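Novice:
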Amino acid sequence: MIFYLNVKRGGSHSIIRKLIMRINLSIFFILLAMIQVSARDAFAQKITLDKTNTSLNKIIKEIRAQSGYDFFYNNALIVKARPVSIHVRNVSLDEALQKCFANQTFTYRITDKMVIIMEKEEAAPTHTTLVQESITGKVVDTTGLPLPGATVRVKGSTKVTITDASGTFILKDVKENSILEISYLGFITREIKATANIGKIILQVAQSGLNEVVVTAMGISREKKALGYAVQEVKAEELTTRPTNALSAISGKVSGLQVISSGGNMGGSTRVLLRGINSITGSNQPLYVIDGTPIDNSDLNTSSTVNGSAGKDVGNMIQDLNPDDIENISVLKGPSAAALYGSRAANGVILITTKKGSKNEKFEITLNTGIDLENIIRLPTRQHLYGQGYANTFAKATINGKEYNIVDYAADESWGPKLDGTPVLHWYNLDPEYPADYLNPQPWVYPKNDVNYFFRTGIANTNNIAVSGSSGQTNYRLSYTNKNVRGTIPNSSLGRNAVNFSGSTQLGIVNVFSNLNYVKNNTLGRPWTGASNRNIMLEAFQWGGVQVDYKKLSEYKRADGTARPWNRTGYQNTATDEATRFIDNPYWSAYESYMEENRDRIYGNMGFTVDANSWLKLTGKVHADIYTSEYQDRIAVYSRSQSQYQEYTNHFNEFNYEFLASAKKSWADFSLSGNIGGNIRDQKRRISDGLTQGGLIIPQYYNLKNAPIVLNNNNFFHKKVYSLYGSFSAGWKGMLYLDGTLRNDWSSTLPVDNNSFIYPSLTGSFVFSELAGLKKQEWLDFAKVRLGWAQVGNDTDPYQLLPVFEAQQPFNGTANYRLPVTLNNPLLKPEITSSVETGINVQMFKNRLGLDVTYYNNNSRNQILPVPMSAAFGYDNKILNAGKINNKGIEVTLNGTPIKSSNFEWNSTLNWSRNRNKVVSLDKGVNTLELSNLLVTLVAQEGKPYGQIMGNDFVYAPDGQRVVQADGTYLKTSQQVALGSVLPDYLFGFQNTFTYKKMRLSFLIDGRMGGSFFSQTYKVGMYAGVLDKTAANGIRETGIVVDGVKADVAFHPDGSYTVTNTRKNDTNISALAWARNEYNGPTTFSVFDASYIKLRELTLGYTFDLKKNSAIRSLGLTAYGRNLWNIYTKSKYIDPEFTNSGGNVQGIEGGNIPVPITYGLNVSVKF
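According to the numbering used here, the sequence shown is numbered sequentially starting from 1207.
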């Protein structure tokens, strides 16, 4: 391997950083180790050369191939070298090198399988006092690891060398009182006085990141300062809270990135959005790429779950990402950054780099173990004054000759008698199987063990062990993570086992590598969500009796296997009266009507790189993402709903075959690099779904055969995309940069005559701090402006072109097929997103203050939409290229170091972003497209932001007062109107880190302002008399006169109205009528502002100093908390942070368990 450096001050060292730090996975490690042993024998051979007038660069390549030695040198030296003529046979390496360098102006040194080429040292004048014959030192980072290839220069002279593989250097004949300048890419340059034996020289990581090398599209490493678009990184240190879904840990840490997680340690859906909504009905999730491998992030939830109606949130597939294996996350924002990735990158790219083995000759073991506790808080507030029923008095019943007060057991509302301690027969006093309780009246009071008793403390334990190191030319890292979770819902648990293996081996000029990951998830008892009578949020906060004792509910089943519901049909000991009327016992739902999941996933890549010469590299890779997700779901016999059993399997595999040729050349002031490549994507999905019909025959026997009928659904999808792409990057004097990309995709999902789409990008940046007038300004460290334009295409799902018959259940043994409700379109065109982006980046006061501002404007046209059509044609919708959507916004990142001393440092970062979305057009004659209508109507509407919640508003008088109808309740509009968009006005995150010696304290506050959401929990909780408002201020005794005016209202055909003759409202109405009006009246009652500010994260860590000769190299402790405090929410009943899926239907709260609060402790040990 050849390492060449440009050691000019201010020059680029990106290639050395890339090669030194490259740590990849080995293909079948044992096999490669055997190959390596064979290679070492070959490298020990003598050198044979027969060359005439050949460039020194080619001679070095030949010697490297024969010897196996790595070469370090300054590229500027080699380009000035004289041609070499050499004719030797079976000579030693040293002898061959002597002949090569005989007539050159530089020399060499051999150390540790490495040849270091340097300028010949000038003879010192006899009158100059010299330091001892030579000086030595070792350059290391703050952890003590050596930095091979660091540049050591005698300041003010041409004398320079670089460190060897162990970080050591030697300089001879250095003048007395000379200053050594030590530099390394990504680290702060140091100057020290030359002494005979300097010892260790510790370099600090550069905080500014100006010369930082970041991974961009296709895994291409670039200097961050050269980029013409916005990129932000999140380091591994910021993932120390180790959530089940790793992406929830980056919320608030990247400007323009919105992350909404559905829950805690049981995983579930995560909604990630970069720069708004680009596709009206297609995916708006970014593309995820792990170590170069594109990862599927499909949402596996049912349509009912997505729309907030009912189901279980099984989540999207990115939850398989293991936070223990992540080295850093790079967020490529917008099409400019992601143009090379093709159609899936229209919404940006999240690049995830995993940890790799160390290049140095060390063997390292890292243990990381942690535990965290979860609690469900922020639940809606229930009233404590009135119990179950529809009337305020008890009915009487005579049982065994004795009269009792009985409850309206069949009621699922809390408009019943006052909780005043009256003795009554509760539901648990009616079962003879429990003699201590049977016919033993208990006080009618609010229970000690209310719904909070049902939620238990969730416990998650995570253990990780990683082994890494290198052996000769082979680097490796093997990691195993085990995670066990006890959920906050009874009978809920998750088990996860993850293996990550990465490494590489060098075989001459060929580097062979692989990155492999295996993840196995087993989940039991995910909580029900949405408007299901098995969802605890519905059972306790929507419909329900507030007097129900949940500790009593935990005895949920009788000896005969039947359920014990609080919501019985009647009080008598008959099968009919013992049956559930509306709402299942939540413990019955948890222990009897549960889901079991299993998911196996393998993803990663294998490949090779060939260093063809000093400026050309060839790379070939095969990427794979393969998983099988299956679950068995059930509704038990004796449940309120008809019993059923379901077996579902989703098998997915995607292979990407990639080739990339990369070239890089530099001259005195000019640099040029380019990439040309191709990719074949082959994607398949097969779904098998069996669901029983007509109920289960035998209780607790879960088999598809245990039912009169089974509904079978089988689907298969196959998609291929062929791609060619290229890019170039030109730089001048480290000041001007111009980048361009071009990609052409051919998609199998588009018509053959129109399946090709080309999309280009062009970006530029101007580092104006390099101008002569500004370069001398000590307060200005770096300043750059950037501008970019890009275009990205997007295809569609398979089978959207021609009519495809849908198989139905056979009828009397005869096959049954039908046409779908959507008319396909054989003339589809690809969606196109065009983007313009500009920004400025400034670093000042020795990098103590930094500002990055970006403005973007994205237009997405040719949207592929299911446009409504008349049912008279036999279809409900037709697929068309229609619609245009616009996003424009500003992103700001402000970072600073207010305090910095030898022992204490305070770093602060503020991220702020504002996106303005507008549905510009849909289709001729269509100005509204429905997205969801199960609980509330959600639409895309022309001229307004995406995701408008539609409903009936209040009728307002000319002075803005609400109009009250004759019965004393609020009047609603005659037609639905837009009540607000689900999209936020702006997002922000404020992160602070304080470091004192070995202690580190950090906190993150993030939030969103603006946007709306609809709450089914509030709407039904008011109707059913469960929420505290329905019993506040004596309203049930006194009634209420609502604020507003009465008036004469005339509604017009277009939905508008005229209000005249306004007068005072003095009609007193009952609490029941008032609360029911919030359910049946204006929808606005249940639409809330989604703004919030949260203390998202708090961590406190300490690293212990250990003796150098100790077996344990380091020991770290970190305590943390997540979602600790809702500093501000405009919604007082419902936590506005929720999601039902990773899809486009958002802002509909159908009964979501709030995001839990989490406390944890991690211990990390390195050997």
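All residues carry an ideal CB built from backbone N, CA and C; glycine is no exception. Everything numeric in this text was worked out from a predicted model, so none of it was measured.
Just reading off the beta strand (DSSP E) that ARG1891 is part of, what are its end residues?
Specialist: Numbered from 1 along the sequence shown, position 685 holds the residue referred to as residue 1891. Element bounds for ARG1891: 1876-1899.
Novice: Kindly indicate which three-state DSSP category LYS1305 falls into: helix, strand or coil?
Specialist: Here residue 1305 is taken as the residue at index 99 of the sequence shown, counted from 1. Reduced to three states, the DSSP call for LYS1305 is helix.
Novice: Compute the Euclidean distance between the alpha carbons of LEU1299 and SER1340, then round it to the nearest angstrom.
Specialist: Position 93 of the sequence shown, counted from the first residue, corresponds to residue 1299. Position 134 of the sequence shown, counted from the first residue, corresponds to residue 1340. C-alpha separation (whole angstroms): 25 angstroms.
Novice: Residues bridged to THR2309 by DSSP?
Specialist: Reading the sequence shown from its first residue, position 1103 is the one you call residue 2309. Per DSSP, GLY2322.
Novice: Please state whether DSSP places ARG2328 in a helix, a strand or coil.
Specialist: Looking up residue 2328 in the sequence shown gives position 1122. DSSP places ARG2328 in strand when its eight states are reduced to three.
Novice: Which residue comes first and which comes last in the beta strand (DSSP E) that contains PRO2104?
Specialist: Here residue 2104 is taken as the residue at index 898 of the sequence shown, counted from 1. 2090-2106 is the span of the beta strand (DSSP E), which, as asked, contains PRO2104.
Novice: Where do the ends of the beta strand (DSSP E) carrying MET2205 lie?
Specialist: Here residue 2205 refers to the residue found at position 999 when the sequence shown is read from its first residue. Per DSSP, MET2205 belongs to the beta strand (DSSP E) from 2205-2215.
Novice: Among the residues of its own chain, which have a CB less than 7 angstroms from the CB of VAL1716, if the five just before and after it don't count?
Specialist: The residue you call residue 1716 lines up with position 510 of the sequence shown. Closer than 7 angstroms at Cβ, skipping near neighbours: PHE1814, VAL1816.
Novice: Just reading off the alpha helix (DSSP H) that GLU2012 is part of, what are its end residues?
Specialist: To locate residue 2012, count along the sequence shown from 1; it is residue 806. Premise fails: GLU2012 lies in the beta strand (DSSP E), 2012-2017, not in any alpha helix (DSSP H).
Novice: Would you mind giving the Cβ-Cβ distance between ALA1442 and ASN1528, rounded to the nearest angstrom? I have them listed as a contact below 8 angstroms.
Specialist: As a working note, residue 1442 is residue 236 in the sequence shown. As a working note, residue 1528 is residue 322 in the sequence shown. That belief does not hold up - the Cβ atoms of ALA1442 and ASN1528 are roughly 12 angstroms apart, past 8 angstroms.
Novice: Within the chosen definition, does the segment 1687-1696 reach the segment 1726-1739 through at least 3 CB pairs nearer than 8 angstroms?
Specialist: The segment 1687-1696 is in contact with the segment 1726-1739.
Novice: Going by beta-carbon coordinates alone, are LYS1361 and LEU1377 separated by less than 8 angstroms?
Specialist: Residue 1361 sits at position 155 when you count from the first residue of the sequence shown. Residue 1377 sits at position 171 when you count from the first residue of the sequence shown. No.
Novice: Scan the segment 1817-1852 and note each continuous beta strand (DSSP E) run of 3 residues or more that stays entirely inside, going in chain order.
Specialist: Fully enclosed beta strand (DSSP E) runs of 3 or longer: 1822-1841.
Novice: Name the DSSP beta bridge partners of SER1935, please?
Specialist: Here residue 1935 refers to the residue found at position 729 of the sequence shown. Looking at the DSSP assignment, SER1935 forms a beta bridge with SER1879, ASP1945.
Novice: Tell me which residues share the same chain as ASP1497 and place their Cβ nearer than 6 angstroms to its Cβ, disregarding the 5 neighbours each side in the sequence.
Specialist: As a first step, residue 1497 must be located in the sequence shown, where it is residue number 291. Cβ within range, chain order: THR1560, ASN1721.
Novice: Quick one: is ASP2165 buried, meaning 16 or more other Cβ sit within 10 Å of its Cβ, or exposed?
Specialist: Numbered from its first residue, the sequence shown carries residue 2165 at position 959. The residue is exposed, with fewer than 16 neighbouring Cβ atoms inside 10 Å.
Novice: Note down, in chain order, each residue of its chain lying with its Cβ closer than 7 angstroms to the Cβ of GLN2147, except the 5 sequence neighbours on either side.
Specialist: Residue mapping note: residue 2147 aligns to position 941 of the sequence shown, counting from 1. Only VAL2125, ASN2133, THR2134, GLN2154, ALA2184 meet the Cβ criterion.
Novice: Would you mind reading off the limits of the alpha helix (DSSP H) that contains ASP1783?
Specialist: Counted from its first residue, the sequence shown places residue 1783 at position 577. From DSSP, the alpha helix (DSSP H) with ASP1783 extends over 1781-1784.
Novice: In angstroms, rounded to a whole number, what distance separates the CA positions of ALA1402 and LEU1866?
Specialist: By one-based count along the sequence shown, residue 1402 stands at place 196. By one-based count along the sequence shown, residue 1866 stands at place 660. Taking the straight line from one Cα to the other gives about 48 angstroms.
Novice: What is the DSSP secondary structure of THR2289, reduced to helix, strand or coil?
Specialist: Within the sequence shown, the letter at position 1083 stands for residue 2289. If DSSP states are grouped into helix, strand and coil, THR2289 belongs with the helices.
Novice: Is LYS2035 buried or exposed, if buried means 16 or more other CB atoms sit within 10 Å of its CB?
Specialist: Numbered from 1 along the sequence shown, position 829 holds the residue referred to as residue 2035. Buried is the call here.
Novice: GLY2240 to LEU2233, Cα distance in whole Å?
Specialist: For the purposes of this step, residue 2240 is taken as residue 1034 along the sequence shown, with counting starting at 1. For the purposes of this step, residue 2233 is taken as residue 1027 along the sequence shown, with counting starting at 1. Going from the Cα of GLY2240 to the Cα of LEU2233 covers about 14 angstroms.
Novice: Would you kindly work out how many angstroms separate the C-alpha atoms of LEU1980 and TRP2112, rounded to a whole number?
Specialist: Residue 1980 sits at position 774 when you count from the first residue of the sequence shown. Residue 2112 sits at position 906 when you count from the first residue of the sequence shown. Those two C-alpha atoms are separated by around 28 angstroms.
Novice: Three-state secondary structure (DSSP) at VAL1705?
Specialist: Residue mapping note: residue 1705 aligns to position 499 of the sequence shown, counting from 1. The answer is strand: DSSP assigns VAL1705 an E or B state.
Novice: Ignore the nearest five residues each way along the sequence and tell me which others in GLU2343's own chain have a CB closer than 7 angstroms to its CB.
Specialist: Here the question's residue 2343 lines up with position 1137 in the sequence shown. The residues are ILE1466, TYR2298, VAL2361.
Novice: On a CA-only basis, which of SER1461, LEU1493, GLN1778 is nearest ASN2121? Give me that one, please.
Specialist: Here residue 2121 refers to the residue found at position 915 when the sequence shown is read from its first residue. Of SER1461, LEU1493, GLN1778, the residue nearest in Cα terms is SER1461.
Novice: Are the CB atoms of GLY2353 and VAL2188 nearer to each other than 8 angstroms?
Specialist: Counted from its first residue, the sequence shown places residue 2353 at position 1147. Counted from its first residue, the sequence shown places residue 2188 at position 982. Yes, they are a contact pair.
Novice: Would the beta-carbon of THR1189 fall within 8 angstroms of that of ALA2172?
Specialist: Residue numbering for the chain in the displayed model covers 1207 to 2373; residue 1189 lies beyond these limits and cannot be assessed.
Novice: Taking 8 angstroms as the threshold, find out whether the segment 1999-2009 comes into contact with the segment 2037-2050 through three or more Cβ pairs.
Specialist: They touch, by the three-pair rule.
Novice: Is the segment 1642-1658 touching the segment 1619-1629 in the sense that three or more CB pairs, one from each, lie closer than 8 angstroms?
Specialist: Yes, since at least three Cβ pairs between the segment 1619-1629 and the segment 1642-1658 fall closer than 8 angstroms, the two stretches touch.
Novice: List the endpoints of the continuous alpha helix (DSSP H) containing GLN2222.
Specialist: The count along the sequence shown starts at 1 and reaches residue 2222 at position 1016. Start and end: 2222-2229.
Novice: Going by other Cβ atoms of all chains shown within 10 Å of its Cβ, with 16 needed for buried, is HIS1293 buried or exposed?
Specialist: For this step, residue 1293 is matched to residue 87 along the sequence shown. Classification of HIS1293: exposed, given that the 10 Å Cβ count is below 16.
Novice: Apart from the five residues just before and just after THR1775, which ones in its own chain have a Cβ nearer than 8 angstroms to its Cβ?
Specialist: Residue numbering aside, residue 1775 sits at position 569 when the sequence shown is read from its first letter. Here the set comprises TYR1615, ALA1616, THR1782, ASP1783, GLU1784, ALA1785, THR1786, ARG1787.
Novice: Select from GLY1434, TRP1749, ILE1316 the residue whose C-alpha is nearest the C-alpha of VAL2226.
Specialist: Working through the sequence shown from its first residue, we reach residue 2226 at position 1020. The shortest Cα separation from VAL2226 among GLY1434, TRP1749, ILE1316 belongs to TRP1749.
Novice: Does DSSP put LYS2372 in a helix, in a strand, or in coil?
Specialist: To locate residue 2372, count along the sequence shown from 1; it is residue 1166. If DSSP states are grouped into helix, strand and coil, LYS2372 belongs with the strands.
Novice: Just the C-alpha distance for ILE1583 and ILE1456, rounded to the nearest angstrom, thanks.
Specialist: Mapped onto the sequence shown, residue 1583 falls at position 377. Mapped onto the sequence shown, residue 1456 falls at position 250. Between ILE1583 and ILE1456, the C-alpha separation is close to 22 angstroms.
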